[in-house]
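Residue numbers (the numbering used here): 4 to 313.
Have a look at the structure below before the remarks.
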């Protein structure tokens, strides 16, 4: 017997196969609008016409983030699951179901391109289908719609026991957690976002769900190992002696100030020198003699008369 909890049963009637739903002719309901309404409408709000592909575009536009590549590929479906738990009224459940089918196919394609093993892919795919069915069929609009007649698990996996089988397969995966680690993470996220299955109406089901979810969390924590508990482990600065900030004056400020000081200094010294020199010249002028000295000279002799001509 295979140890794979998602191995196919020997009975052909109980086999689980991932495949898309069979094409069905659209049924026109009396009084239905020509175009489907927005999938999430407030109670009592008027139905606004919108194409069915808008649901798929909204799902595909969600960011792919997650704790593992498989969880990242499942991010749009997990977001849809979280929204379904808050949806008290859906204008067109069939458009929403078709959008979920397209998102599941996209999830399968992305998981295959990311080298996810077939066992983990099938496990995560089943968990997502079962969780979406469980939450949708627990709403007032789910059972009367096509979702109640053709669930995601019956469309892709050809069975209707998803509420029971989900937890049976979860127990099987927990016996080999290293092999199904990423699928277990996806299953844990579905439990955290509203998957209840057979415990939804069971007495004490909430407490049992809490026990299962907590046990799965502890198992995943052991697989991931210890994590950094400090919010910011490198918050301390570099250990270095304190060096006070130097009060330096920019050169473009110091140079004009220096030139101004030199100019004022030059003017002050020039005026002071002029004042001192004037006093010195006045004192020199008062020294004897009182007038400039004179040299007495006699008149030069009269030159002799020239001799007469011969």
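In this text, a Cβ means the ideal position worked out from N, Cα and C, and glycines have one as well.
Give me the residue from 103, 159 and 230 with the minimum Cα distance to residue 138. Nearest C-alpha to residue 138: 103.
Quick one, which of 130, 89 and 299 has its alpha-carbon nearest residue 157's? For residue 157, the closest C-alpha among the options 130, 89 and 299 is that of 130.
Going by the beta-carbon positions, is the gap between residue 144 and residue 93 smaller than 7 Å? Contact check for residue 144 against residue 93 passes: the beta carbons are separated by less than 7 Å.
Proximity to residue 224 [Cα-Cα], best of 191, 141, 255 and 210: Ranked by Cα distance from residue 224, the first of 191, 141, 255 and 210 is 191.
Are the region 121 to 129 and the region 183 to 198 touching by the rule of at least three beta carbon pairs closer than 8 Å? Yes, since at least three Cβ pairs between the region 121 to 129 and the region 183 to 198 fall closer than 8 Å, the two stretches touch.
Can you tell me whether residue 96 is buried or exposed? The criterion is at least 16 other CB atoms within 10 Å of its CB, across all chains shown. Buried: at least 16 other Cβ atoms inside 10 Å.
Only counting the same chain, and skipping five residues up and downstream in sequence, which positions put a Cβ closer than 7 Å to that of residue 71? So the qualifying residues of the chain are 185 and 188.
Residue 303 burial status per 10 Å Cβ neighbour count (16 or more: buried): Under this definition residue 303 is an exposed residue.
Start and end of the alpha helix (DSSP H) containing residue 211? Counting along the chain, the alpha helix (DSSP H) containing residue 211 begins and ends at 208 to 227.
Keeping to the same chain, check which residues put their C-beta closer than 6 Å to that of residue 165; ignore five residues upstream and five downstream. 133, 136 and 156.
Kindly indicate which three-state DSSP category residue 297 falls into: helix, strand or coil? For residue 297, the secondary structure class from DSSP, reduced to helix, strand or coil, is coil.
Given a cut-off of 7 Å on the beta-carbon distance, is the pair residue 113 and residue 78 in contact? No, these two residues do not count as a Cβ contact at 7 Å.
Please work out which residues of its chain come closer than 8 Å, Cβ to Cβ, to residue 222, disregarding the five sequence neighbours upstream and downstream, and give them in chain order. For residue 222, where only same-chain residues beyond five positions count, the Cβ hits under 8 Å are 177, 180 and 187.
Considering only residues of the same chain and omitting the five flanking positions on each side of residue 211, which have a CB-CB separation below 8 Å? The residues are 202 and 205.
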